[in-house]
Amino acid sequence: MTAATTRSAREELDLLRGTLDLLILKALSWGPMHGLAVLRWLEHVTHQRLQVEEGALYPALHRMEQKGWLDAEWGITDKNRKAKYYRLSVSGRRQLRAELSRWERYTEAVALVLSAQGAR
Amino acid sequence: MNGGRGMGPERRAFRHSHAGSVRADVDAELRFHLEERIEELMAEGMTRSQAEEEVQRRFGDPARISAELETIDRATLRRRSVAERMQGWARDARYAMRGIAARPGYALIVVLTLALAIGANTAIYSAVQAVLLRPLPVAGLDRLYSVQSDMPSLQLESGGELSVGEVVDLTKRRDLFESFTGFLEGNVTLTQAGEPRRVAITRTVGDFAGVFGIRPLLGRFYAPEDGEPGRPTVAVIGYGFWQEVMGGEPSVLGRTITLDDQSYEVIGVLPPEFRYPRQAQVWTPYVLTERALSPQRRGSYILTGVGRAQPGMTRESLEQQLRLEVSRWAEEWAGVMGMYAAREDGQGGYSLRTMPFVEYLAGQLRLILYVLLGAVSFVLLIACANVASLQLVRTTGRVKEIAVRAALGAGRWPIVRQVMVESLIFAVLGGILGIFIGWATLRVVSRWDVASFAILRDVRLDGAVLAFTAVVAVLAGLLFGIVPAWRASRVEAQATLKEAGGRGTSSGIARHRFLQGAVVAQLALTVVLLLGAGVMLRSLSQLLAVDPGFRAQRVTSLQITPGGTRYASNAARVAMYDVVLQRIDALPGVEAVGITTTLPFSDMIQDSSPFQIVGDAAPIPEGETRHANITVVGGDYFEALGIPLLRGRLFTAADDRDAPQVVIIDEELANRYFPNEDPVGRQIGTAEHPVTIVGVVGSIRQRELAGGLKATRFYPYHQMPWYPWAGLTVRGTLDPATMSAMVRSAIRDVDPELPVFDLTPMQQRIERSVGPQRMAVTVLAGFAALALALAVLGTYGVLSYSTSQRTHELGIRMALGAKPGDVVQMVLRNGILLATAGLVTGMAGYFLLARVIESMIFGVSARDPVAMAAGLSTLIAASLLATWIPARRAARVDPVVALRSE
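Residue numbers (the numbering used here), protein chains in the order written: chain Y, 956 to 1075; chain G, 691 to 1592.
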């Protein structure tokens, strides 16, 4: 990615704090990943439209590990490098479900507001 | 995309298992990320350094982030390890509970043993708390000192009271005392709608409220100036009085109450927790009339002095300053009162002693409670040794299981922990049950033996007591748990798995040695308790054998307070006494009745004063004042109490108001001040007002059985009628209860509004005076009995156990020709050895500690042979019993069965 693309991509969508957890949980629902893999997956799935602040990712991962939503293991990548892999735990899956339903209710409510007839 | 979607990353699952790896792991994780990103950018054409810069920019500050991650991870680590540890404890606790439930009988024995010991500790500690630590809800209790007069040559009795003048002088010493007060207890009659009732009143000089930090519930406490003559009469009432007598209404302030026909305005109500003096219901200023401050009353010791010392004043500095004050008094009162002057022989002069107020309040109880505290800790140690032995034997039963765990590589600590958890659970259960037992015992005992256990009225079960019990329980648990736990962890896996029961193993031998040691320890401690209790018992019986100087049997006594306008004049009082004495004398079964201003062994004030002998050749040297108690008597006082007449005569009806003044002295006074002559006919007093000695009576003990006799002079009440209180002594042939009832109704016939109180048989008064000693003996004896039971059971248990362990060996012996008698001997020898070791150790320990109780006992030495013989023979007998039964059982072992047992 060129610097220009990065900048414009960042202008596109800024990530609301608090939804980062939800995104990470969803990403990991696909299977164990290390931190960089989560970032790449997010970029890939959003077609580079979503830029996550790289520095914010790891604290989020570690906090979720502390809360018991993620289990962590050390593994070896294809390139034979040591990386820390994260995986959803049972309570993590539960948390994902809860966050998903909260997100849906939230977006429904916002949509109601935005679609209200009246002043433009 | 790179990143591994779970395509077989090598699962080397390990957690951050220790704090050291956190940093390395965080670094590795971030390094991986950064490296990959750099490589990405380089693949797009950047140079390495460009890529590094870009990655840094995008990532944010790696140092800060890595620090943040480390903090998070360390916290995670901590929480996890705590959780793990808790799980470990929880597992052990569950396992222990299962084990306890599986053997409920055993658990009951252990818990009961602990509960008795812990309960005893709880009980004693609550008494210590009530008497020694927080006897009064006053802040800064450590700065309160009691000040007492002391003049050994005068043998001032009881609490070393001060005179009014002395208290006033001391209140002026603001450099020594922030506030100082002296007070006097008395009784008055409250007259208001309804029955007249007797009220306990306390009259105070100085700043009573300041000394005790009183914060009234309602209103205010009066100031020292309110004691000046001419000020309106005010009073502060206690909480109980306010509730029971005044109806508990807030409008009580400003109301007047009438005490002895004098009205007092109620200006304050005290909070419920303040009760000092303990009986007092009303407090009022002592009116400082001219007479009260006169030289004649300077030597009249009636006030209890208490002061709140200035911060920084120590007891020594106080005493030193007070010494200087006394010498100042000597100068000031030179020629008028010789008492303060230093004596020529330099000894026994007047001095002011101080004592921390708490110590003063506790009195004899202080030493007693300390001794009991020591004794009860012995009981706890015995219980711990007992339970440790039980636990040790029990763990032995599970030795196979432990060996398996050890063989499988379980570390020592989990095994130790598991046994400790079980011990702690027992300890906690024992503690909880112990609180109930201790508390219930206190209640039962204080109801049943009120005389001895009067102090227990104040005992409360509060947070401090509970906390103390918790600490004791935990300590006990650790104490008796550590040995079995340690031994369990030392089980030699191999040897144990090979030979069942691990008998021959070194741990088996060590175990045996511990069990024997525990028995010896228990016996030794028991010996100390038995000897102590025995000596205290002898001391008490010696005390009760002291001749009080009068015959208390079949004598009942009571107090009356003729107050108010009706008895304001001396003549009215005297007339009333005459009638009362007549009436009571006329009652059937009454042999003699008398009246006195100081009943022996009561709380009535004993007045005293210096006196002179008329017609003395040489003037007495300064500092050698003659001082004696003053008691005013009437009726057949001496006959009623059975006080013998030694010389001369007793008072008769002829010794009335108009007759020449007469006095009767007691033997002590006669011996001291008229050593080589017949005092009858001599005169005391002054040349202007001489009083003739007409008789000499035997001396009596006034306050306590121990202690010296105090010179006393007796006056007839017709000639000295101004004391507003009186006690009656009635000797009769009927039982005290009937007599009391008769006397009470006789007095009511004379005047229904005369309150009668403190109706107590004389014998009971004497017994009450040794209440603390009786309490000490009862409690110590109880502890000794408990200790003996535990020690004997422990001995029996250990001997049984070791015998059963040796069944195999005994079977061999018997098969080889040993007779049952030999086997019995063997076991007996073992038992006797243990008992002897315990006895000797115990006696040695007792001799070391004997000094402690020397000051508490009367009439016997701490090494009293009778007491010691009794104690030792009790122990020997009990030990023999404990040995005999296992010995018999060993003898009945069937060799065949024994040889087969494994």
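In this text, a Cβ means the ideal position worked out from N, Cα and C, and glycines have one as well.
C-beta contact flag for residue i and residue j at 7 Å
{"i": "G:Leu1205", "j": "G:Ser1079", "result": "yes"}
{"i": "G:Phe873", "j": "G:Thr894", "result": "yes"}
{"i": "G:Leu1617", "j": "G:Ser756", "result": "Outside the displayed range of chain G (691 to 1592) lies residue 1617 of chain G, so it cannot be described from this structure."}
{"i": "G:Leu860", "j": "G:Ser839", "result": "no"}
{"i": "G:Leu1151", "j": "G:Ile814", "result": "no"}
{"i": "G:Pro1555", "j": "G:Ile1390", "result": "no"}
{"i": "G:Ala1208", "j": "G:Ala1075", "result": "yes"}
{"i": "G:Ala935", "j": "G:Gly958", "result": "Before going further, note that residue 935 of chain G is Val rather than Ala in the sequence given. Cβ atoms of G:Val935 and G:Gly958: not closer than 7 Å."}
{"i": "G:Glu1357", "j": "G:Gly1388", "result": "yes"}
{"i": "Y:Gly1010", "j": "G:Gly750", "result": "yes"}
{"i": "G:Arg1013", "j": "G:Thr1044", "result": "no"}
{"i": "G:Val1583", "j": "G:Leu1500", "result": "yes"}
{"i": "G:Gly1171", "j": "G:Met1110", "result": "yes"}
Beta-carbon separation (whole angstroms), residue i vs residue j, contact threshold 8 Å
{"i": "G:Thr1287", "j": "G:Tyr1413", "result": "5 Å"}
{"i": "G:Leu834", "j": "G:Val996", "result": "6 Å"}
{"i": "G:Gly917", "j": "G:Val956", "result": "Rounded, the Cβ-Cβ distance is 17 Å, inconsistent with contact."}
{"i": "G:Tyr991", "j": "G:Ser1298", "result": "6 Å"}
{"i": "G:Val1016", "j": "G:Tyr1040", "result": "6 Å"}
{"i": "G:Gln1296", "j": "G:Gln1392", "result": "6 Å"}
{"i": "G:Gln1108", "j": "G:Phe1548", "result": "Their Cβ separation, rounded to whole angstroms, is 53 Å, which puts G:Gln1108 and G:Phe1548 out of contact at 8 Å."}
{"i": "G:Ile1125", "j": "G:Thr1159", "result": "5 Å"}
{"i": "G:Leu1589", "j": "G:Ile1502", "result": "7 Å"}
{"i": "G:Arg727", "j": "G:Val745", "result": "5 Å"}
Residues that DSSP places opposite residue i in a beta bridge
{"i": "G:Ala1282", "result": "G:Arg1421"}
{"i": "G:Val668", "result": "Residue 668 of chain G cannot be examined here, being either before or after the span of chain G that is shown, 691 to 1592."}
{"i": "Y:Lys1037", "result": "Y:Ile1031"}
{"i": "G:Ile1456", "result": "Note: G:Ile1456 sits in no beta bridge, so no partner."}
{"i": "G:Val1352", "result": "G:Thr1382"}
{"i": "G:Ser1017", "result": "Bridge partners of G:Ser1017: none, in fact."}
{"i": "G:Arg1043", "result": "G:Gln838"}
Residues near residue i by beta carbon distance below 8 Å, same chain, minus five either side
{"i": "G:Val1440", "result": "Met1266, Val1269, Val1270, Arg1273"}
{"i": "G:Trp1176", "result": "Val1106"}
Cβ-based neighbour list, residue i, same chain, cut-off 7 Å, excluding 5 preceding and 5 following
{"i": "G:Gly1385", "result": "Leu1335, Arg1337, Gly1338, Arg1339, Leu1340, Ile1354, Val1370"}
{"i": "G:Ala1330", "result": "Val1245, Ala1282, Val1283, Gly1284, Thr1419, Val1420, Arg1421"}
{"i": "G:Gln819", "result": "Ala1154, Val1155"}
{"i": "G:Val878", "result": "Val889, Ile891, Leu949, Asp950, Thr1251, Gly1253"}
{"i": "G:Leu1071", "result": "Leu1215"}
{"i": "G:Val1069", "result": "Ala807, Ala810, Phe1473, Leu1476, Ala1477"}
{"i": "Y:Ser1046", "result": "Gly1023, Trp1024"}
Contacts around residue i, its chain only, beta-carbon distance under 6 Å, and the 5 residues preceding and following it disregarded
{"i": "G:Ile1127", "result": "Ala805, Gly809"}
{"i": "G:Asp951", "result": "Gly1254, Thr1255"}
{"i": "G:Ala1242", "result": "Met1452, Gln1453, Ile1456"}
{"i": "G:Val1467", "result": "Met1226, Leu1227, Leu1230"}
{"i": "G:Val1083", "result": "Tyr1491"}
{"i": "G:Gly930", "result": "none"}
{"i": "G:Thr923", "result": "Tyr954"}
{"i": "G:Val1236", "result": "Leu1395"}
{"i": "G:Asn1597", "result": "Summary: the structure shown does not reach residue 1597 of chain G, with chain G confined to residues 691 through 1592, and so no result is reported for it."}
(message) Would you call the region 825-835 of chain G in contact with the region 955-973 of chain G, where contact means no fewer than 3 C-beta pairs closer than 8 Å?
(response) yes
(request) Specify whether the region 1367-1381 of chain G and the region 1338-1353 of chain G touch according to this definition: at least 3 beta carbon pairs, one from each stretch, less than 8 Å apart. (result) yes
(message) Does the structure place the region 1417-1432 of chain G close enough to the region 1218-1231 of chain G that three or more beta carbon pairs sit under 8 Å?
(response) In short, these stretches do not touch, since the Cβ pair count stays below three.
(message) Could you check whether the region 1451-1468 of chain G touches the region 1052-1063 of chain G, counting it as contact only if at least three pairs of C-beta atoms, one from each stretch, sit closer than 8 Å?
(response) The region 1451-1468 of chain G, when compared against the region 1052-1063 of chain G, does touch it at the 8 Å Cβ threshold.
(request) Report yes or no: do three or more beta-carbon pairs, one from the region 1014-1021 of chain Y and one from the region 979-995 of chain Y, lie closer than 8 Å? (result) yes
(message) Can you confirm whether the region 1493-1503 of chain G touches the region 1539-1551 of chain G when touching is taken to mean that 3 or more C-beta pairs between the two stretches lie within less than 8 Å?
(response) With the cut-off at 8 Å, the region 1539-1551 of chain G and the region 1493-1503 of chain G do not touch.
(message) Measuring CB atoms only, is the region 1397-1406 of chain G touching the region 1431-1445 of chain G, in the sense that at least three cross pairs come out at less than 8 Å?
(response) no
(message) Does the region 1511-1520 of chain G come into contact with the region 1571-1582 of chain G, if we say contact requires no fewer than three beta-carbon pairs (one atom in each stretch) closer than 8 Å?
(response) yes
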